[in-house]
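**Student:**
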Amino acid sequence: MYWQQPPFYTSSTGGVSQRRTDRVYTEDVLNRNIGKEITLYLTYENNSQWNAMVVTGVLREVGRDFVMIRDQKTGKDMIFMNINIDYYIFESGPAELARPRR
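Going by our numbering, the sequence shown opens with residue 297, and the numbers climb by one from there.
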């Protein structure tokens, strides 16, 4: 019967893991660049009015799932969800890179 089969054991060769232990997230990079001018490129699926959106402003706050920028034209703070952001461009020079998390 099948439940009386001997257990199957695996052995480890003791090799070195190639997995990276340090990680950098977009949240970390954006946090180091608060106060810089940034352009967000966003898309909203199934929305005929706002299918694609480009917003330029000063990066004010960064959360795990959102980005807040102050629009230069209106002076208003706007919050955008990360799920809608395609990419970022730092307008006022190169971005400061984040230190890896361990």
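All C-beta atoms in this analysis are idealised placements derived from N, C-alpha and C, irrespective of residue type, glycine included.
Which one or two residues does DSSP pair with D318 in a beta bridge?
**Tutor:** Paired residues: none, contrary to the question.
**Student:** Across which residues does DSSP place D367 in a beta bridge pair?
**Tutor:** G353
**Student:** Have a look at R319 and N380 and give me their C-alpha separation to the nearest angstrom.
**Tutor:** 22 Å
**Student:** Answer yes or no: do M377 and D361 have a C-beta to C-beta separation smaller than 8 Å?
**Tutor:** In terms of Cβ geometry, M377 and D361 form a close pair [threshold 8 Å].
**Student:** Classify V358 as buried or exposed, calling it buried when 16 or more other Cβ atoms lie within 10 Å of its own Cβ.
**Tutor:** buried
**Student:** For I365 and Y337, what's the separation of their Cα atoms in angstroms?
**Tutor:** 13 Å
**Student:** Ordered along the chain, which non-local residues of its own chain (more than five positions away) have a Cβ less than 6 Å from that of V350?
**Tutor:** Only Y337 meet the Cβ criterion.
**Student:** State the Cα-Cα distance for the pair T352 and N327, rounded to the nearest angstrom.
**Tutor:** 17 Å
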